[in-house]
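Residue numbers (my numbering): 599 to 1036.
Working notes, beginning with the structure itself.
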Ligand SMILES: NC(=O)c1ccc[n+]([C@@H]2O[C@H](COP(=O)([O-])OP(=O)(O)OC[C@H]3O[C@@H](n4cnc5c(N)ncnc54)[C@H](O)[C@@H]3O)[C@@H](O)[C@H]2O)c1
């Protein structure tokens, strides 16, 4: 962790989003609504949460945004890429996340955010196509074109810094291949047009080469390969991912640590979803769903530690499905049936029916990641940012590290990282007088 002073957040911060669909436009609209005093940034840790400093009895609880030098919302600029040619207003209207009465006052602002041409190949997202794509599908040429786009967008916006958050569709499931083993192999792969390099990896590569922090909001392989991890370290760029933790997985990582804390057994956890937005349509393709399934099913094992508690969690049956159901649009419904066991082995059931709004839960995550990644860069952090695991279904961790999925541990780590960054002591919650921390 860096110990040198944090560079100030001087000038504008450009937030670049590959993908300008439901999540990205809800994020952009929300930031502008907050800036105009029309809304509150609910769900955003950077904007609304306080952080305790010192002993509890000190009663010092500044807002996080006043505690560490984050970019101000007024200093944020937006740019993005999309396969569809719709500007941010048209895209937000099509996504139907926000009501017309919330969207129309923002029309002038959002209409001005027009997507740059996407680096795209439909082989990687089967159920998608559109006219706003680069003329080439050669990987090296696409990567260089993206780098040029980034430089142009920074110049046009007048920003001093930029961050990139992948808000594009979920690509097909890919495992790291030979071209991901080193920077040299990856760059050779670009030259050779290696099919193991998907478009999201080109965006990540372009961002890192331009010295811009990168977060992956989707489950596909993107910056999480040895090649791009090394590149990020070499260029002093923070990266993190992957797959925003919203909806059902958010509930799972809230509930499971509680059951485990009380030593309640779990026999089964059946999760199913219906959703009807474009994301749902893309995930209807088995290859894209495979990427999602991997990030969604991994969480319970690391929270429950069946290897330590075989009697309680050794036979847990965990199943996750997603069903594309157009009438529901973005208003997803997620059901969980949880079969638990208590004293003397008696079975009980818990049913969760979460009528959630996916993009409403994801938008503040995009904001927080953009601001925290910008902070990380100014603090001299480089490579994988495990302290941002809090925001992800499948946290990107250093090779050999075990992912932490327990949201309460993730939250404590995030806040303690901020305390250390600001030169304060971490809070351990030991009793005051015991170690003086309170
Ligand atoms: N909404 C949530 O709560 C949530 C949670 C976790 C992860 N995610 C992920 O975030 C991503 C965005 O979700 P969404 O609901 O906004 O989806 P969306 O379908 O509304 O938007 C994705 C956009 O990305 C564009 N796109 C695809 N490939 C591209 C490329 N190579 N370059 C540029 N644009 C490209 C598509 O045209 C589309 O407009 C998805 O991968 C989704 O799985 C969303």
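Yeah, the Cβ is synthetic: ideal placement off N, Cα and C, and Gly gets one too.
Note that the structure is predicted; figures quoted are calculated from it, not measured.
Kindly indicate the opening and closing residues of the beta strand (DSSP E) around residue i.
i	result
residue 698	Element bounds for residue 698: not the beta strand (DSSP E) but the alpha helix (DSSP H), 698-701.
residue 839	836-839
residue 680	674-680
residue 790	Unbroken run through residue 790: none, as it is neither H nor E.
Helix, strand or coil for residue i? Go by DSSP, reduced to three states.
i	result
residue 611	strand
residue 814	strand
residue 954	coil
residue 781	helix
residue 617	coil
residue 828	helix
residue 1000	coil
residue 915	strand
residue 967	helix
residue 981	strand
residue 603	coil
residue 880	helix
residue 729	coil
residue 895	helix
residue 889	helix
residue 715	strand
residue 925	helix
residue 1033	Here residue 1033 scores only 48 on pLDDT, less than 50, and its place in the model should not be relied on; the value that follows carries that caveat. DSSP places residue 1033 in coil when its eight states are reduced to three.
To which residues does DSSP link residue i through a beta bridge?
i	result
residue 871	920, 932
residue 651	According to DSSP, which records beta bridges pairwise, residue 651 is partnered with nothing at all.
residue 1007	DSSP lists no partner for residue 1007.
residue 661	648
residue 866	915, 937
residue 945	939
residue 990	842
Find the nearest neighbour of residue i within the set the options, judged by alpha-carbon distance.
i	options	result
residue 682	718, 814, 822	718
residue 808	691, 692, 749, 739	749
residue 724	986, 877, 923, 901	877
residue 971	709, 689, 806	806
residue 767	728, 901, 646	728
residue 923	871, 697, 1002	871
residue 850	956, 868, 880, 833	868
residue 759	709, 941, 973	973
residue 908	889, 773, 612, 862	862
residue 777	985, 984, 787	787
Are the C-beta atoms of residue i and some chain D residue less than 9 Å apart?
i	result
residue 679	Reference to chain D is not applicable here, since this structure consists of a single protein chain.
Beta carbon of residue i, beta carbon of residue j: below 9 Å?
i	j	result
residue 660	residue 649	yes
residue 920	residue 873	yes
residue 781	residue 981	no
residue 847	residue 670	no
residue 651	residue 967	no
residue 794	residue 775	yes
residue 1004	residue 895	no
residue 641	residue 938	no
residue 604	residue 977	yes
residue 853	residue 695	no
residue 744	residue 818	no
residue 622	residue 706	no
Taking the alpha helix (DSSP H) that residue i falls in, what are its first and last residues?
i	result
residue 1026	Here residue 1026 belongs to no alpha helix (DSSP H), and DSSP marks it neither H nor E.
residue 687	686-693
residue 707	705-709
residue 849	845-859
residue 738	737-755
residue 800	797-807
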